[in-house]
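For the sequence shown, full-length UniProt numbering gives the first residue as 1, with consecutive numbering after it. Here a beta-carbon is modelled for each residue, glycine too, at the ideal position from N, C-alpha and C. If you're wondering where the values come from, they're calculated on a predicted model, not measured in any experiment. See structure below.
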Amino acid sequence: MLVHSRGAKWAVWAVFLLLFVPLFALPLLVVLGASFATHWSSVLPSGPTTANYRAATRGEALQALTTSLLTAVGASLLALTVGTWAALAAAALKKRYRRVMDALFVLPVAVPSVVVGLSILVAFSKPPMLLNGTRWIVILAHTVLVTAFAHQSVSAAITRLDPAYEQAAASLGARPSYVLWRVRLPLLLPSLTAAAGLCFALSMGELSATMMLYPPDWTPLPVLIYGATDRGALFTGSAVAVVLMAATLIVLFAVSRVRTRASYR
């Protein structure tokens, strides 16, 4: 909605701040403040300290951060591969078949993630696909949960592609595989990097399905945060949460730089 008058613009900004600050910014600022605190004073954390971050950046917390990063990277790459392949395949199908494929990929995010975790636990707890108790079942669960976003993102980008580039390459004698690797995928690169960043961020914060599946030697950071707050270690848990947010934002910033460069190629 376009607003042209100065008074209306100020009103829009005021409404935005009234909604954004208490709903989004303030909770994050409270967590940030609690990560530097030792106790609560009235409604605000107090007692400045950096001891919480010493606990959040070493030992079990550092191992959990590494686990989350490896899980998110693995799940993102798998989701991007499967989602892109499915989107490219669906583009050649009739409309009703594309709808069926879209529904299949959206199904895992249309139900609670804890249901997805339970279904994967049941499906992969018996031979010949015995993954229960291994790191791979966690990576698989994250992949299932985020593939829908990769598929939808790439599918939307494919519909916006100008077919003239592919037609020109084909008219010059390029094989379909050459057109795919040298024309279509490069044109999709900005959308691919955006999808990868979204999948990574969602995987880094996944908790419900992970709680049902993770083995003791593969504990992601959200599980550690939940455990710390459940034991009453709220300030340490806040510091670990800030570390999780910072690691996720750093990776997303790097992905956005790659996406920006790909957009200008």
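If only uninterrupted alpha helix (DSSP H) runs of at least 4 residues are considered, those enclosed by the stretch 2-81 are 6-20, 26-35 and 51-56. By the 16-neighbour rule on beta-carbons within 10 angstroms, Phe253 is exposed. CA-to-CA, the gap between Phe36 and Gly232 works out to about 16 Å.
Excluding five sequence positions before and after Ile225, the CB atoms of its chain that fall closer than 8 Å to its own CB belong to Gly237, Val240, Ala241 and Leu244, given in chain order. Annotation for Ala123: the continuous alpha helix (DSSP H) segment containing it runs Ser113 to Ala123. Around the beta-carbon of Pro186, fewer than 16 other beta-carbon atoms lie within 10 Å, marking it exposed. By the 16-neighbour rule on beta-carbons within 10 angstroms, Gly7 is exposed.
About 39 Å separates the beta carbons of Val154 and Gly59, which is beyond the 8 Å limit, so they are not a contact pair. For Tyr97, the enclosing alpha helix (DSSP H) starts and ends at Lys95 to Ala110. Closest by C-alpha distance to Ala123, out of Thr219, Leu213, Ser191 and Ser256, is Leu213.
For Pro112, the closest of Ala246, Ala228, Ser125 and Glu206 by C-alpha to C-alpha distance is Glu206. Take Ala150, set aside five residues on each side of it, and the residues of its chain with a beta-carbon closer than 6 Å to its own are Ala79, Leu80, Gly83, Ala195 and Cys199, in chain order.
Annotated as distal: Gly33 and His39, with beta-carbon spacing of 8 Å or more. In this structure Gly117 touches Ser208 by the C-beta definition: roughly 7 Å separates them, less than 8 Å.
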